[in-house]
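The structure appears below as structure tokens.
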Amino acid sequence: NSKVIQTPRYLVKGQGQKAKMRCIPEKGHPVVFWYQQNKNNEFKFLINFQNQEVLQQIDMTEKRFSAECPSNSPCSLEIQSSEAGDSALYLCASSPQGAGNTLYFGEGSRLIVV
Amino acid sequence: AQSVTQPDARVTVSEGASLQLRCKYSYSGTPYLFWYVQYPRQGLQLLLKYYSGDPVVQGVNGFEAEFIKSNSSFHLRKASVHWSDSAVYFCAVRGNSNNRIFFGDGTQLVVKP
């Protein structure tokens, strides 16, 4: 069973609505990633954090998403204004500090935008 | 640039048969290589990982993979598949930092009874 906890498992939003997903990384893992997996199984990297600081993010994330990993609270990813193309599985993963360490994934939050 | 190619979108085998799922990667340095499995409506689970040492690495549930540097390949193998192995398998590469992991597009494995 995954030690990375994602909530909710499913969310349905109308176009233009906000959609917020949360992730509790595995204990002791300071690095957190968010990926979007579409219906064709293609992965898109969105953003990653080391502790509370953003390491990398793509342009889409910078413009339409907000994400944070506050200390002592779950990490979150929020789409400010949902679009149909945002319908996907959002996967959170955490990793120990250090080069090449394994990413451990949660079960994902499936977003459906209607 | 890092990339991963899984040339087979779907592989169908009979239960008890052997399996090979192909993976080729592109990375300028020495990569960390992974195989993950995704069962329906679930996240990704790690099968195995390779960085250095014996090029044949053992994973969970009887899976193994062989790193062939000259061919930039990291194919996944299993001697005898079970129906419960039906899932989508992803090969992935990660570089030498806290940067992102790059995934192939996955191979859907169907095990027929």
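Top to bottom, those sequences are chains S and G.
Residues in the first sequence are numbered consecutively from 10, following this note's numbering.
Residues in the second sequence are numbered consecutively from 460, following this note's numbering.
Glycine is no exception: its CB is placed at the ideal position from the N, C-alpha and C atoms.
Predicted model only: the values in this text are computed from it and were never measured.
Within 7 Å (strictly less), CB to CB, does S:L55 reach chain G?
-> Along the first sequence, read from residue 1 onward, the residue named residue 55 of chain S stands at position 46. It does not: the Cβ of S:L55 has no partner Cβ on chain G nearer than 7 Å.
Give a yes or no on whether the minimum CB-CB distance between G:Q465 and chain S is below 7 Å.
-> Here the question's residue 465 of chain G lines up with position 6 in the second sequence. False, the Cβ-Cβ gap to chain S never drops below 7 Å.
Per-residue burial, S:E92 [other beta carbons within 10 Å of its own, 16 or more giving buried] = Here residue 92 of chain S refers to the residue found at position 83 of the first sequence. It is exposed - the Cβ of S:E92 has fewer than 16 other Cβ atoms within 10 Å.
Could you check what DSSP says for G:K483 in three-state terms: helix, strand or coil?
-> Here residue 483 of chain G refers to the residue found at position 24 of the second sequence. Looking at G:K483 - three-state DSSP - the assignment turns out to be strand.
Buried or exposed (CB count within 10 angstroms, at least 16 for buried), G:G518 | In the second sequence, residue 518 of chain G corresponds to position 59, counting from 1. With 16 or more other Cβ atoms within 10 Å, it is buried.
Based on the DSSP secondary-structure assignment, which residues constitute the bridge partners of S:Q45?
-> If you number the first sequence from 1, residue 45 of chain S lands on position 36. Per DSSP, S:K53, S:Y99.
Find the residues of chain S that neighbour G:R559, judging by a C-beta separation of less than 8 Å, and give them in chain order.
-> Working through the second sequence from its first residue, we reach residue 559 of chain G at position 100. What G:R559 touches in chain S: F42, F54, N57, Q65.
Neighbourhood of S:F58 by C-beta, 6 Å cutoff - its chain only, sequence neighbours within 5 removed = Taking the first residue of the first sequence as 1, we reach residue 58 of chain S at position 49. V41, C78.
G:R559, DSSP secondary structure in three states | Translated into positions along the second sequence, residue 559 of chain G becomes position 100. G:R559 falls in the coil class under three-state DSSP.
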